[in-house]
Each structure stands twice: as C-alpha cells, then as structure tokens.
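Notes to accompany the following structure.
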Ligand code: B12
Ligand code: SF4
C-alpha cells in the first residue's frame with residue numbers, strides 16, 4: 009500500500025479595508041514571522057513522521073497580504089489528500105473578522121480549522137469569559153489555540169487526524185523554552201512575495217516591562233526566553249541554500265535578549281568569514297546605546313535599519329502608560345550612535361495618550377523634526393488591544409469600545425479620548441503624517457543622511473512609502489505593499505458585491521490615479537535627493553539634531569527643557585538641570 013497524505017494548509021489572514029475589501033498586494037513589505045514559526049513547527053512534525061511512517065504530512069503556507077486564497081481549491085486539495093486541516097495563523101485582533109470568514113467557508117466545505125495567534129491568546133489570557141467572536145468561531149467548530157505551539161504541534165496534528173480535537177487548547181500558563189526549539193522557516197516561493205526577500209525569526213520572546221497598551225506581556229509572559237547563537241546559525245543556514253539572507257528579527261527588543269552578543273558574534277562570523285550576505289532589521293529600545301558594543305556589533309552583523317519603540321516624547325504620557333524605561337533625555341544620543349554606524353533609524357509614535365491635544369501633538373512632532381536625528385517616523389492611534397491591560401480595564405469598567413475587531417489595527421479610533429473628539433483625533437492622525445513628511449523635512453533627513461554616510465536612495469525610498477501609504481493607499485505603511493489587489497467577490501459580509509460593469513471601470517480609474525500619485529511623489533523625492541547629493545558642502549551639514557549631544561551635563565537639549573516639569577525624578581534624569589535651563 010502506498011503512503012497516505014495529511015495536508016495542512018496554513019493561511020496568515022489579512023484584514024478588511026474601510027470599503028470591506030481584503031487588503032492584499034502583489035508583493036507585501038514585511039514578512040509574517042508567525043507563518044514562518046508555525047510552518048517550521050509543522051515541517052519538523054513532518055520530518056519526525058508525527059502521524060506514523062505511512063503518512064506524509066504535506067504543508068502549504070500562504071500570507072493573505074500577498075496571495076489571494078482560493079478557498080474552494082484549497083478545500084479540494086485537503087479532501088483529495090484524504091485528510092488534513094486549515095491553520096489560520098498569527099491572527100491578530102484586527103484580522104479576526106477576516107479569519108472568521110475564511111473559517112466559515114472552510115468549515116462549510118467540511119474542512120477542520122484551527123486558529124491561533126494574539127487575538128485568541130490575548131482574549132483568553134485577560135478576559136473573564138470568551139468574547140462574542142471567539143464563541144462564534146467555536147460555534148462553527150473551529151479549534152482555538154491559545155499560547156505557543158512549540159512542543160505541542162504534534163499532539164494537535166494527531167488529535168485532528170484522529171478526529172478527537174478539543175475545542176480549546178490553552179497553553180498560556182506554560183511557556184515553552186525557545187532553546188533548540190523548531191526554527192521559523194518558509195519555502196523560497198513564500199519569502200519572495202515580500203519586497204527585498206526578507207525572511208524573519210524571533211530570537212527571544214517575553215518582556216519584563218509593563219506598558220499598559222501592550223499585549224505581549226500577557227501572551228508571551230514577563231519572563232524572557234531566548235534562542236541561542238547555534239539556533240540562529242541554524243536559521244541562517246536553513247535559508248542560505250534558498251538564496252535568502254535578509255532577516256527581520258521580530259524580538260520586541262533585541263537589545264534585551266540575553267544572548268545578543270553571542271548571536272551577533274556568530275552572525276558577524278558568518279558574514280565576515282563565511283561570505284553570507286546577511287542583512288538585518290532589528291527592533292530595540294531607547295537605551296540600547298548604553299550597552300557596550302551593542303550598536304557596533306549590530307552594524308557589523310548586517311543591521312541596516314533599526315526600529316525603536318520611541319512611542320512618545322512627553323514623559324507624562326510615557327509614565328501614564330507605564331513605559332517608564334523610555335528616558336527622553338537619552339533619545340538624541342541613542343539616535344546619533346546609530347547614525348555613526350550608518351544604520352537607518354525608524355520609530356513608532358503613539359497618538360492619543362490621555363494628556364495629548366492636537367496642539368501638543370503638533371508641537372511634539374515639530375520638536376522631533378528639529379531636534380532628533382531620526383529618519384522614519386510612523387504614527388499609531390493609542391488602541392486598547394485585546395490582551396492589553398488597557399483593554400481589560402475598559403472592559404471591566406464597561407467603557408464603550410468599538411465592537412468591530414477589524415478596526416483594532418492602530419489606524420482607527422476604538423474608544424473615546426479624554427480631550428479630543430473622535431473626529432479631532434482622526435484629524436490629528438492625518439495631520440501627523442503630513443506634518444512629519446513635508447518636502448522640507450524629507451530634504452533635511454536626506455541632508456543628515458549625506459553627512460552621516462547613510463545611503464540616500466534607501467532613505468528616500470522608505471520615506472516615500474511611509475509618507476504616502478496612508479495618504480495614497482489609505483493603509484498604514486506596515487500593511488502596505490506593491491500593487492494593490494482587490495478581489496470583487498471577497499468583500500466583507502454585509503457589504504454588497506458590486507456589479508462587474510461598475511467594479512472594473514472604477515478599479516481601473518482608481519489604479520491609474522494611485523500609480524500616478526506614486527510616480528509624482530517618487531519623482532519629487534528623487535529631485536530632492538539629487539539636489540541634496542549635488543551640494544558640495546553636503547558632508548559638512550550639521551543641525552540641532554546632528555550636533556554633538558550634551559552628554560556631559562554642561563548643556564541641555566531644548567526639548568528636554570520643554571518637558572522639564574514632567575520628567576520624573578529618577579536616576580540620571582536631568583530634571584533640575586533642565587528646569588534651570590528653561
Ligand atoms: C513581527 C510583528 C509584526 C510584523 C509581522 C506580523 C506577524 N505576525 O508575523 C508586522 C510588522 C507586519 C506587524 C504588523 C502589525 N502588527 Co504586529 N507584531 C509583530 C510582533 C512584534 C512579533 C510577531 C511574532 O512573530 N511573534 C512570534 C510568533 C511565533 O508568535 P504568535 O504569532 O503568537 O504565534 C505562536 C502562537 O500564537 C501559536 N500560533 C499562532 N498561529 C497559530 C495557528 C495554529 C493553527 C496553531 C496551532 C498555533 C498558532 O504558535 C506560534 C508559535 O508558538 C508581535 C509582538 C510579539 N511579540 O509577538 C506584534 C503584534 C502581533 N502586532 C500587533 C499589531 C497590532 C500589529 C498591527 C495591526 C499594527 C501595526 N500597524 O503595526 C500590524 C498589522 C499588519 C498585518 N497585516 O499583520 C499586535 C497584535 C495585538 C492584537 N491583539 O491583535 C502585537 C501583539 C504587538 C502589540 N502591539 O501588542 N506585526
Ligand atoms: S511595549 Fe515593548 S517594552 Fe512595553 S511591555 Fe510591550 S514589549 Fe515590553
């Protein structure tokens with residue numbers, strides 16, 4: 009008798025835009041690490057023959073952000089195999105409504121479905137009962153998976169194959185060790201659907217801090233767990249034969265990874281002595297420059313862009329959100345340290361802390377432009393994400409929150425603000441992009457790049473995407489991609505399927521308009537870049553942000569002075585000095 013097949017189809021769902029169409033592209037810009045992790049876990053189950061020697065476990069993986077999912081064909085493939093299931097992977101709250109629709113269609117075709125990711129885990133970890141949408145999934149017969157799947161995947165596969173799967177698998181109280189855990193890896197044809205062919209891995213999970221807006225501590229725990237340098241080398245070596253060497257390292261703060269030095273040393277060796285052309289995007293905190301050698305080694309290991317959790321520059325807001333570890337008086341020194349090793353800096357900024365007003369936000373963005381040598385800035389609405397302390401508190405107090413999970417993408421108002429109306433807050437969000445990405449500021453950032461020896465082309469390209477994603481494509485840059493696809497029939501339930509005679513002409517006009525706007529923006533930025541590069545004095549450019557920083561206490565940054573009365577009296581804080589200066 010020949011071998012049987014058990015086919016597992018993994019889908020990382022996208023979510024709906026405001027018109028109800030699935031947000032998807034020919035190419036997406038950021039890889040899905042959840043998909044790589046779950047794929048890696050199942051690949052190792054297949055290798056270990058988790059269903060016995062006579063059953064082959066076949067795996068398919070798709071990121072819906074860059075691939076249109078043909079539900080009927082996928083269901084047929086599982087049925088033709090004689091067994092299998094669909095895994096909806098890494099489903100965040102904003103993706104849950106879309107995931108539920110996919111689940112509904114697969115369940116209608118008689119296919120088992122399991123859902124995992126931050127929405128399921130965050131809700132189960134923080135709420136006293138299952139919310140309505142998780143109950144709806146259960147009513148469809150969908151298996152809910154909460155917690156991490158390392159060491160648990162084989163049992164789940166066996167349960168599904170034997171038709172004895174439980175409605176809920178909950179491992180939230182038992183975080184697996186990451187050392188020697190299965191590695192995240194995806195086939196090349198999945199990775200090449202991401203711009204720059206970036207793959208991803210997480211070298212650590214968990215975080216000791218307690219930011220009230222964050223879900224990570226309540227899902228991955230406050231005890232950090234790490235991969236080793238050997239694990240990371242295994243990840244790099246698994247990708248190398250596929251010609252993949254660019255990685256987005258998804259640790260929320262790689263600088264806090266206990267194994268950072270061993271990992272970077274190993275990557276430096278692979279790069280400098282073994283010819284692997286590794287490139288890294290890292291996420292770090294605002295104090296990483298205090299760790300001796302961290303920034304220098306990160307650059308030597310191939311880091312060319314770094315995401316920094318700046319969140320806000322007003323100490324009062326940071327305190328309010330329990331983000332006490334962010335010390336604004338360190339920001340400039342930290343950013344300058346990255347510039348010295350020619351790494352592009354990129355920061356997230358949250359709008360809508362309780363004391364924020366349109367005026368204070370406008371002032372703060374101007375301060376950042378003038379005084380912080382930051383390249384890319386991206387904005388988010390402060391959002392009570394399911395799984396966060398903020399969400400739990402509002403839920404328990406019965407404060408109204410948007411019941412539509414599709415809106416929990418940090419681009420929508422989900423609950424009322426203390427000082428701003430919903431409309432004022434939305435306007436603040438729109439204005440923030442326009443205020444930071446003026447042509448004059450794009451020029452300033454490019455001038456700073458020339459003076460620091462950072463590649464201007466890369467900065468200009470990334471600035472174009474961040475400046476225009478929300479304004480041209482109507483989505484946040486992290487959800488943006490190359491060439492938007494809209495499938496007429498994949499519209500959110502409750503919204504009409506448009507007649508093809510109307511849909512396609514409208515789409516054609518929309519497409520041409522969008523392409524024209526991108527071209528015009530690209531051309532404008534290209535002209536700015538040429539002008540900046542042609543300046544013979546470019547290398548000598550200095551401004552308030554790039555000037556040597558007042559680290560010796562003789563001088564105080566102007567922006568620290570602005571917030572002098574809000575800076576807490578903690579060790580190293582320049583409060584009194586700043587107060588005097590102001
Ligand atoms: C990398 C990352 C991204 C990347 C890639 C997305 C991805 N998920 O791969 C990018 C930059 C695209 C991104 C964007 C966004 N992100 Co994000 N992101 C992360 C980050 C830092 C790491 C994700 C990750 O790889 N985790 C490790 C994986 C392995 O964990 P996991 O997904 O939970 O999967 C494990 C288990 O859940 C389980 N599992 C998962 N799926 C399945 C399926 C089955 C069948 C089974 C059995 C098990 C299983 O097994 C896995 C292995 O143990 C997390 C924070 C974090 N520490 O996780 C935020 C996080 C997931 N993101 C978040 C948000 C809000 C967003 C955005 C909406 C906001 C924004 N504008 O930035 C966008 C959405 C865009 C989009 N289309 O995805 C929130 C989600 C919170 C929530 N309740 O929804 C998080 C938690 C951060 C936070 N702010 O709290 N993100
Ligand atoms: S926002 Fe960052 S620092 Fe704060 S708890 Fe979450 S992961 Fe930790």
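Numbering (our numbering), first residue to last: 9 to 590.
All residues carry an ideal CB built from backbone N, CA and C; glycine is no exception.
Assigned exposure category for residue 223 - 16 Cβ within 10 Å defines buried: Stepping through the chain shown from its first residue, residue 223 is reached at position 215. Taking all protein chains shown into account, residue 223 has 16 or more neighbouring C-beta atoms within 10 Å of its C-beta and is therefore buried.
Backbone secondary structure at residue 571 - three-state DSSP: Indexing the chain shown from 1 puts residue 571 at position 563. Residue 571 carries a coil assignment under DSSP once its states are collapsed to helix, strand and coil.
Residue 395 Cβ short of 8 Å to the ligand SF4 heavy atom set: As a first step, residue 395 must be located in the chain shown, where it is residue number 387. Flag unset: Cβ of residue 395 not near the ligand SF4.
Check: residue 177 C-beta below 8 Å from any heavy atom of the ligand B12: Here residue 177 is taken as the residue at index 169 of the chain shown, counted from 1. The ligand B12 has a heavy atom closer than 8 Å to the beta-carbon of residue 177.
Secondary structure of residue 368, DSSP reduced to three states: As a first step, residue 368 must be located in the chain shown, where it is residue number 360. In the three-state reduction of the DSSP assignment, residue 368 falls in the helix class.
Segment limits, alpha helix (DSSP H) that includes residue 328: Mapped onto the chain shown, residue 328 falls at position 320. Per DSSP, residue 328 belongs to the alpha helix (DSSP H) from 323-328.
Boundaries (first-last residue) of the beta strand (DSSP E) holding residue 96: By 1-based counting over the chain shown, the position of residue 96 is 88. Where residue 96 is concerned, the enclosing beta strand (DSSP E) stretches over 92-96.
Terminal residues of the alpha helix (DSSP H) in which residue 438 lies: Locating residue 438 in the chain shown gives position 430, counting from the first residue. Where residue 438 is concerned, the enclosing alpha helix (DSSP H) stretches over 430-444.
Cα-Cα separation, residue 408 to residue 402: Here the question's residue 408 lines up with position 400 in the chain shown. Here the question's residue 402 lines up with position 394 in the chain shown. Spanning the two alpha carbons is a distance of roughly 8 Å.
Cβ neighbours of residue 231 in the same chain (closer than 8 Å, five flanking residues each side left out): To locate residue 231, count along the chain shown from 1; it is residue 223. Here residue 231 has 183, 214, 216 as same chain residues with Cβ atoms under 8 Å from its own Cβ, once five neighbours each way along the sequence are excluded.
Check whether residue 119 and residue 94 have beta carbons under 9 Å apart: The residue given as residue 119 occupies position 111 in the chain shown. The residue given as residue 94 occupies position 86 in the chain shown. Result yes, Cβ atoms of residue 119 and residue 94 sit closer than 9 Å.
Neighbourhood of residue 383 by C-beta distance below 6 Å, restricted to the same chain and skipping five residues each side: Here residue 383 refers to the residue found at position 375 of the chain shown. Excluding residues within five positions, the ones whose Cβ falls inside 6 Å are 352, 353, 453, 467.
Of the listed residues 457, 465, 411, 390, nearest to residue 428 (C-alpha basis): As a first step, residue 428 must be located in the chain shown, where it is residue number 420. When C-alpha distances from residue 428 are compared across 457, 465, 411, 390, the shortest belongs to 390.
Exposure label - residue 229; buried when at least 16 CB within 10 Å: Along the chain shown, read from residue 1 onward, the residue named residue 229 stands at position 221. Classification of residue 229: buried, given that the 10 Å Cβ count is 16 or more.
Under the three-state DSSP convention, the category residue 223 falls into: Locating residue 223 in the chain shown gives position 215, where the first residue counts as 1. Coil.
Any non-hydrogen atom of the ligand B12 within 8 Å of residue 12 CB: Position 4 of the chain shown, counting from 1, holds the residue named residue 12. Not under cutoff, so the answer is no.
Residue environment, residue 32, which counts as buried when at least 16 other CB atoms sit within 10 Å: Within the chain shown, numbered from 1, the residue matching residue 32 stands at position 24. Buried.
Buried versus exposed, by CB contacts within 10 Å (16 or more), residue 174: If you number the chain shown from 1, residue 174 lands on position 166. Counting the other Cβ atoms within 10 Å of the Cβ of residue 174 gives fewer than 16, which makes it exposed.
Three-state secondary structure (DSSP) of residue 41: The residue given as residue 41 occupies position 33 in the chain shown. DSSP places residue 41 in helix when its eight states are reduced to three.
Delimiting residues of the alpha helix (DSSP H) encompassing residue 296: Numbered from its first residue, the chain shown carries residue 296 at position 288. In the DSSP annotation of this structure, residue 296 is not part of any alpha helix (DSSP H), being labelled neither H nor E.
Spatial distance of residue 291 from residue 303 (CA atoms): Position 283 of the chain shown holds residue 291. Position 295 of the chain shown holds residue 303. A direct Cα-Cα distance of roughly 12 Å separates residue 291 from residue 303.
Residues near residue 117 by beta carbon distance below 6 Å, same chain, minus five either side: Numbered from 1 along the chain shown, position 109 holds the residue referred to as residue 117. Taking C-beta separations shorter than 6 Å and ignoring five residues to either side along the sequence, the partners of residue 117 in its chain run 83, following chain order.
Simplified DSSP state of residue 47, which is helix, strand or coil: The residue labelled residue 47 in the question sits at position 39 within the chain shown. Note: residue 47 maps to helix in three-state DSSP.
Residue 560 versus residue 105 - alpha carbon distance: The residue labelled residue 560 in the question sits at position 552 within the chain shown. The residue labelled residue 105 in the question sits at position 97 within the chain shown. Unreliable placement is indicated for residue 560, whose pLDDT of 48 sits below 50; no coordinate value is reported for it.
In DSSP terms, what residue 354 is bridged to: Within the chain shown, the letter at position 346 stands for residue 354. For residue 354, the pairing in a beta bridge is given by DSSP as 315, 384.
Residue 17, buried or exposed, once every other Cβ within 10 Å from all chains shown has been counted against 16: Position 9 of the chain shown, counted from the start, is the residue given in the question as residue 17. Buried.
Inter-residue spacing [alpha-carbon to alpha-carbon] between residue 244 and residue 204: Position 236 of the chain shown, counted from the start, is the residue given in the question as residue 244. Position 196 of the chain shown, counted from the start, is the residue given in the question as residue 204. Whole-angstrom Cα-Cα distance: 16 Å.
Sufficient close CB pairs (3 or more, under 8 Å) joining the segment 139-159 to the segment 32-41: The answer is no - the segment 32-41 does not touch the segment 139-159, with fewer than three Cβ pairs under 8 Å.
Rounded C-alpha distance that separates residue 324 from residue 363: Within the chain shown, residue 324 is the residue found at index 316, counting from 1. Within the chain shown, residue 363 is the residue found at index 355, counting from 1. One C-alpha to the other measures close to 8 Å.
Inter-residue spacing [alpha-carbon to alpha-carbon] between residue 487 and residue 73: Locating residue 487 in the chain shown gives position 479, where the first residue counts as 1. Locating residue 73 in the chain shown gives position 65, where the first residue counts as 1. The straight-line gap from Cα to Cα measures roughly 8 Å.
Inter-residue CB distance, residue 44 and residue 193 (contact presumed, cutoff 8 Å): Within the chain shown, residue 44 is the residue found at index 36, counting from 1. Within the chain shown, residue 193 is the residue found at index 185, counting from 1. Beta-carbon to beta-carbon, residue 44 and residue 193 are separated by about 6 Å, close enough to satisfy the 8 Å threshold.
Any non-hydrogen atom of the ligand SF4 within 8 Å of residue 126 CB: Here residue 126 is taken as the residue at index 118 of the chain shown, counted from 1. False, no ligand heavy atom lies under 8 Å from that Cβ.
Inter-residue CB distance, residue 206 and residue 254 (contact presumed, cutoff 8 Å): Position 198 of the chain shown holds residue 206. Position 246 of the chain shown holds residue 254. Contact between residue 206 and residue 254 is confirmed by a C-beta separation of about 5 Å, below the 8 Å threshold.
Runs of alpha helix (DSSP H) lying entirely within the segment 233-259, each at least 4 residues, in chain order: Listed in chain order, the alpha helix (DSSP H) elements of length 4 or more contained wholly in the segment 233-259 are 237-247.
Rounded separation between residue 525 and residue 153 - CA only: Looking up residue 525 in the chain shown gives position 517. Looking up residue 153 in the chain shown gives position 145. Each residue's alpha carbon lies about 43 Å from the other.
Residues of its chain near residue 139, where Cβ-Cβ distance is below 6 Å and the 5 sequence neighbours each way are ignored: Position 131 of the chain shown, counted from the start, is the residue given in the question as residue 139. Correct list, in chain order: 131.
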